[in-house]
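What follows is a set of notes on a single structure, which appears directly below.
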């Protein structure tokens, strides 16, 4: 929760930073993209580092990176500081996502499925609480560029103290060789990989725009001043995504992914009309529906892929998956930033919505075409004994 809350704090404040230093929307997306670019590096490397040196040292380093990023935010005197701060936070958050999950599995592997579900909920709740809390401070003009970071830093310091006295949960620390997985996809699962990565990429493209420019675009469309409405938009997306992921976990992954892809395409197109109304309630409902569809599309795609990865290729396949996913997070966000700078956010949003819908539908089409080639093999049923192994991969 701390890691994801830290990632969400700046999102409602981007409009304040842009007004303070008078920089264009494109620079906002660059600041966000810097976070995603370094987070994928941390995700790819931190698991192997924690296998070799232990979970506790890597988590300690990750929290220190969070604190360093928060300090740079507080001391920032220009947009370049924001880029540095987001990069420091991206390294810390990426490591926390991977290593904290591995530590939970070390402590209680028999509850892996439940831990995975609770972790997904905690991620989204952390984002929602941070976005709403920060937006409320900003709306009341109560030191919005200082107090959110200080509150987050106090929680991080408590966590740092707890980590300092925590016993090492990984019994094999110090014995495992240091092996950073190289991206590779075995031929037998490439069709599943293509389907999953297109669906997840479309979902993350929507998420990237939501966390960078959509709050300000929604506020412009609804003619609402102040950052609070932007915080409401972020919270609506993340909380509905959490609910959808919990509900979707009961159904086959392929079905959930296809449902999410289709729903996200429909709701992105419906969002064009919702934004055109200028009604704050209609816009909030529209983005909440998009958030629920995002939760199904990403959660189902990831679960569908991890179910079929050969044991010897897990690291390589997941490395490739996250490289594509973060590419989808960063690239469309930067393109929307360029468009918003040249033509305005409310003008460019419909074009982005159409492209996102087409990407979602291409995932559905890919599954239909590739599924026929493989003879429409039924999704395998997972025995109870395999649940812990499957959840560990997820």
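Residue numbers (UniProt numbering): 1 to 394. All residues carry an ideal CB built from backbone N, CA and C; glycine is no exception.
key: residue 168 in three-state terms, based on DSSP   = coil
query = Thinking just about the alpha-carbon of each residue, which of 286, 363, 332, 313 is nearest to the one in residue 258?
reply = 363
query = Taking the alpha helix (DSSP H) that residue 51 falls in, what are its first and last residues?
reply = 25-53
task = Name the residue from 33, 214, 101 whose alpha carbon lies nearest to the alpha carbon of residue 331.
result = 33
message = Please state the DSSP three-state secondary structure of residue 200.
response = helix
inquiry  = In this structure, how does DSSP classify residue 146 when only helix, strand and coil are distinguished?
reply    = coil
ask   = Near residue 240, which residues of its chain fall below 6 angstroms by C-beta distance, leaving aside the five closest residues on each side in sequence?
value = 288, 291, 292
key: Same chain, Cβ closer than 6 angstroms to residue 359, five either side skipped, listed in chain order   = 202
message = Assuming residue 284 and residue 236 are in contact, meaning their beta carbons sit under 8 angstroms apart, how far apart are those beta carbons, in whole angstroms?
response = 5 angstroms
ask   = Taking the Cβ atom as the reference point for each residue, do residue 245 and residue 120 lie within a distance shorter than 8 angstroms?
value = yes
ask   = Would you report the Cα separation of residue 2 and residue 63, rounded to the nearest angstrom?
value = 9 angstroms
Range covered by the alpha helix (DSSP H) that runs through residue 399 = Residue 399 is absent from the model: the chain starts at 1 and stops at 394.
inquiry  = Whole angstroms are fine: how far does the CA of residue 324 sit from the CA of residue 187?
reply    = 17 angstroms
inquiry  = One question on the structure: do residue 321 and residue 197 come within less than 8 angstroms of each other, judged by their Cβ atoms?
reply    = yes
ask   = Helix, strand or coil: which one does DSSP assign to residue 369?
value = helix
ask   = If you draw a straight line from the alpha carbon of residue 369 to that of residue 58, how long is it in whole angstroms?
value = 43 angstroms
ask   = Hey, how far is the Cα of residue 164 from the Cα of residue 267?
value = 46 angstroms
message = Quick check for students: name the residue ranges of the alpha helix (DSSP H) that lie wholly in the stretch 85-162, counting only runs of 4 or more.
response = 112-139
ask   = residue 217 lies in the alpha helix (DSSP H); which residues open and close that run?
value = 214-222
inquiry  = Quick check on this structure: which residue in 115, 301, 230, 214 has the alpha carbon closest to the alpha carbon of residue 347?
reply    = 214
query = What's the gap between the Cα of residue 19 and the Cα of residue 129?
reply = 24 angstroms
key: Range covered by the alpha helix (DSSP H) that runs through residue 234   = 228-248
query = Taking DSSP as the reference, what is the three-state secondary structure of residue 4?
reply = helix
request  = Return the CA-CA distance between residue 393 and residue 306, expressed in angstroms with no decimal places.
outcome  = Because residue 393 sits at a pLDDT of 43, beneath the cut-off of 50, its placement in the model cannot be relied upon, and the point is left open.
request  = With a cut-off of 8 angstroms on the beta carbons, I'd call residue 264 and residue 206 a contact; round off their distance for me.
outcome  = 7 angstroms
query = Does the distance from the C-beta atom of residue 138 to that of residue 302 stay below 8 angstroms?
reply = no
ask   = Quick one: what's got a C-beta closer than 8 angstroms to residue 125's C-beta in the same chain, skipping five residues either side?
value = 1, 238, 239, 242
CA nearest to the CA of residue 314, picked from 47, 10, 8 = 47
key: Other residues of its chain near residue 146: CB distance less than 7 angstroms, five sequence neighbours each side excluded   = 74
ask   = In whole angstroms, what is the alpha-carbon distance linking residue 30 and residue 333?
value = 8 angstroms
message = Taking the alpha helix (DSSP H) that residue 283 belongs to, which residues open and close that run?
response = 280-307
inquiry  = Taking 6 angstroms as the limit between beta carbons, can you name the residues of its chain near residue 27, skipping five residues before and five after?
reply    = 79
task = Quick one: measure Cβ to Cβ for residue 199 and residue 248, integer angstroms, because I've assumed they're closer than 8 angstroms.
result = The Cβ separation is near 13 angstroms, so there is no contact.
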